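Q:
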Amino acid sequence: MNNKEYITELSRRTGYSQENTQRMVRCVLESIASTFDEGENVSVPDFGTFELKKRMERIVVNPSTGQRMLVPPKIVLNFKPATSVKNKMRKGDDANG
Numbered sequence: 651m652n653n654k655e656y657i658t659e660l661s662r663r664t665g666y667s668q669e670n671t672q673r674m675v676r677c678v679l680e681s682i683a684s685t686f687d688e689g690e691n692v693s694v695p696d697f698g699t700f701e702l703k704k705r706m707e708r709i710v711v712n713p714s715t716g717q718r719m720l721v722p723p724k725i726v727l728n729f730k731p732a733t734s735v736k737n738k739m740r741k742g743d744d745a746n747g
């Protein structure tokens, strides 16, 4: 589902215009982004938690040249789904495979 499809579906379900729905979604995403800027995690009930994690500095080796390189530390975004979401995904896997 792309952004346009998501806004269309959300607009249909809520009864708001697509323009207002787009504005609300943008506002929610900006709020989430500002929370990340403050170094906080974001938890969405019955969906999951978005966590900021620090990846430590490490040395990697290029397999073709054997050259060693230092990868600097960085902050990455991690998603941990809620148990209910995990269960729904497992049920979907059972039906497909």
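According to the working numbering, the sequence shown holds residues 651 to 747 in order. A virtual CB, placed ideally from N, CA and C, is assigned to each residue, including glycine. Just so it is clear, the structure is predicted and the values come from calculations on it, not from any experiment.
Have a look at E690 and I682 and give me their C-alpha separation to the nearest angstrom.
A: The residue given as residue 690 occupies position 40 in the sequence shown. The residue given as residue 682 occupies position 32 in the sequence shown. If you take the alpha carbons of E690 and I682, they lie about 9 Å apart.
Q: Taking only the alpha-carbon atoms, compute the straight-line gap between E669 and I657 and give it to the nearest angstrom.
A: By one-based count along the sequence shown, residue 669 stands at place 19. By one-based count along the sequence shown, residue 657 stands at place 7. Rounded to whole angstroms, E669 to I657 spans 9 Å at the Cα level.
Q: Below 7 Å CB to CB, which residues in the same chain sit around T685 once its five sequence neighbours on both sides are set aside?
A: Locating residue 685 in the sequence shown gives position 35, counting from the first residue. Counting only Cβ-Cβ distances below 7 Å, and skipping sequence neighbours, we find V692.
Q: How do the region 698–715 and the region 665–680 stand: do at least 3 beta-carbon pairs fall below 8 Å, yes or no?
A: No: the two stretches stay apart, fewer than three of their Cβ pairs being nearer than 8 Å.
Q: So what's T699 in DSSP terms, helix, strand or just coil?
A: Here the question's residue 699 lines up with position 49 in the sequence shown. DSSP places T699 in strand when its eight states are reduced to three.
Q: Going by the DSSP bridge assignment, what does M706 pair with across the sheet?
A: In the sequence shown, the residue the question calls residue 706 occupies position 56. Paired residue(s): none; M706 is not in a bridge.
Q: If we call anything under 8 Å between Cβ atoms a contact, is A732 one with D687?
A: On the sequence shown, residue 732 is found 82 positions in, with the first residue counted as 1. On the sequence shown, residue 687 is found 37 positions in, with the first residue counted as 1. For A732 and D687, no; Cβs fall outside 8 Å.
Q: Leaving out five residues on either side along the sequence, give the residues of the same chain with a beta carbon under 6 Å from the beta carbon of L660.
A: Locating residue 660 in the sequence shown gives position 10, counting from the first residue. Excluding residues within five positions, the ones whose Cβ falls inside 6 Å are T671.
Q: Rounded to whole angstroms, what is the Cα-Cα separation between V726 and G665?
A: Position 76 of the sequence shown, counted from the first residue, corresponds to residue 726. Position 15 of the sequence shown, counted from the first residue, corresponds to residue 665. One C-alpha to the other measures close to 36 Å.
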